[in-house]
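Enquirer: This is the structure I have questions about; it appears just below.
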Amino acid sequence: MNQSVAGWMTLAVLSITAGCSGSDDASPADDRTVAAESALDVRANGCGPREGFGTAALVSDDRAVTAAHVVAGADDVRVIDQTGTEHPADVVFFDPDLDVAVLAVPDDLGTPLDVSSEAPDAGAAGVVGFSRLEDGTVRVRVVDVEVLRNVNIATTDIYLDADVDRPGFEVDAEIDPGDSGGVVVIDGKAAGIIWARSNANEGRAWAIDIPDAIGDRAQLATLTDPVDTGSCIR
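Just so we're aligned, residue 11 is where the sequence shown starts under our numbering, counting upward by one.
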């Protein structure tokens, strides 16, 4: 199974780096480029002295998706683009059951992804892009993924209060702490949102299907008002 990982790199280097297997609809280089150019770093404050962080991906000119647990309880959310510039962001969709959030961000922070209307098939190859500010430099890491199976993930909400089911899929990928919220790109489109690494199998992770509520740009455009981000995660 495909477990190769492209290391942290600048976007300029990434754009010329060969990647994983692709499909006839989108070449490997295309998937890697769009995954990188859509990725944003997320920073969240309001839950204690430590700053929360994760990854988001643009899915329209001014909306990005991430994991809900990245911004849970936050009263100050920012995204960092690939020039290293910080921008304020409003949480306009927050679902603690699915662990999905949408951020309203300024225009022109990167290249938005189209959203796939269907869950990926087992065996599909894709990538996930992660953007991270480290030592004053924005670096982009692109990870190869392979969809292993579609699953109904039986878990709990982000507060561990209630049992929930999350439609999603298992991937073969090397996911690091802080990678939650990265978007799986297959055939040039957003196919799912990285939720967590597998506790049972090294090199495996779980991704959530893109919810219908944010499945296209017309629906995303209706999300205009900031919403409650719930309480901090214990």
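For glycine and all other residues, C-beta sits at the position ideal for the given N, C-alpha and C.
May I ask you to report which of helix, strand or coil DSSP gives Asp40?
Expert: Asp40 falls in the helix class under three-state DSSP.
Enquirer: By DSSP, does Asp182 sit in helix, in strand, or in coil?
Expert: Asp182 falls in the strand class under three-state DSSP.
Enquirer: Do the stretch 128–138 and the stretch 87–106 make contact, defined as three or more Cβ pairs closer than 8 Å?
Expert: No: the two stretches stay apart, fewer than three of their Cβ pairs being nearer than 8 Å.
Enquirer: Using alpha carbons as the reference points, say which of Ala215, Ile220, Val237, Ala183 lies closest to Ala67.
Expert: Among Ala215, Ile220, Val237, Ala183, the Cα nearest to that of Ala67 belongs to Ile220.
Enquirer: Starting from Pro98, follow its DSSP beta bridges and name the residues at the other end.
Expert: Answer is Arg88, bridged to Pro98.
Enquirer: Here's the rule I'm using: 16 or more other beta-carbon atoms within 10 Å means buried, otherwise exposed. How should Arg73 be labelled?
Expert: Per the 10 Å Cβ criterion, buried.
Enquirer: Quick one: Cα of Asp41 to Cα of Gly198, how far?
Expert: In a straight line, the C-alpha of Asp41 is about 5 Å away from that of Gly198.
Enquirer: Given a threshold of 16 other Cβ atoms within 10 Å of its Cβ, counted over all protein chains shown, does Ser228 qualify as buried or as exposed?
Expert: Strictly speaking, residue 228 in this sequence is Ala, with Ser absent from that position. Label assigned to Ala228: exposed.
Enquirer: Out of Gly56, Gly83, Ala49, Pro59, which one is the CA nearest neighbour of Val237?
Expert: Nearest C-alpha to Val237: Gly83.
Enquirer: Could you give the DSSP three-state label for Arg244: helix, strand or coil?
Expert: Of the three classes helix, strand and coil, the one that applies to Arg244 here is coil, per DSSP.
Enquirer: Alpha carbon to alpha carbon, how far is Thr166 from Pro177?
Expert: C-alpha separation (whole angstroms): 13 Å.
Enquirer: Less than 8 Å between the beta carbons of Thr43 and Gly191, yes or no?
Expert: Cβ distance not < 8 Å, so Thr43 and Gly191 don't count as in contact.
Enquirer: What do you get for Gly133, buried or exposed, if any count of 16 or more other CB atoms within 10 angstroms of its CB means buried?
Expert: Exposed.
Enquirer: Taking only three categories from DSSP, how would you classify Glu270?
Expert: What is shown of the chain runs 11 to 244, which leaves residue 270 out entirely.
Enquirer: Who are the near neighbours of Arg53 in its chain, counting only those whose CB is closer than 6 Å to its CB and skipping five residues on each side?
Expert: Counting only Cβ-Cβ distances below 6 Å, and skipping sequence neighbours, we find Glu61, Phe63, Arg88.
Enquirer: How about Gly202 and Ile218: are their beta carbons less than 8 Å apart?
Expert: Contact flag set, yes.
Enquirer: Helix, strand or coil, according to DSSP, for Asp105 in the structure here?
Expert: Of the three classes helix, strand and coil, the one that applies to Asp105 here is strand, per DSSP.
Enquirer: Between which residues of its own chain and Leu230 is the CB-CB distance below 8 Å, once the five residues before and five after are set aside?
Expert: Excluding positions up to five away in sequence, the list reads Val69, Ser70, Arg73, Val112, Ile224.
Enquirer: Taking all protein chains shown into account, decide if Asn239 is buried (16 or more other Cβ within 10 angstroms of its Cβ) or exposed.
Expert: The sequence given here has Thr at residue 239, not Asn. Burial call: buried.
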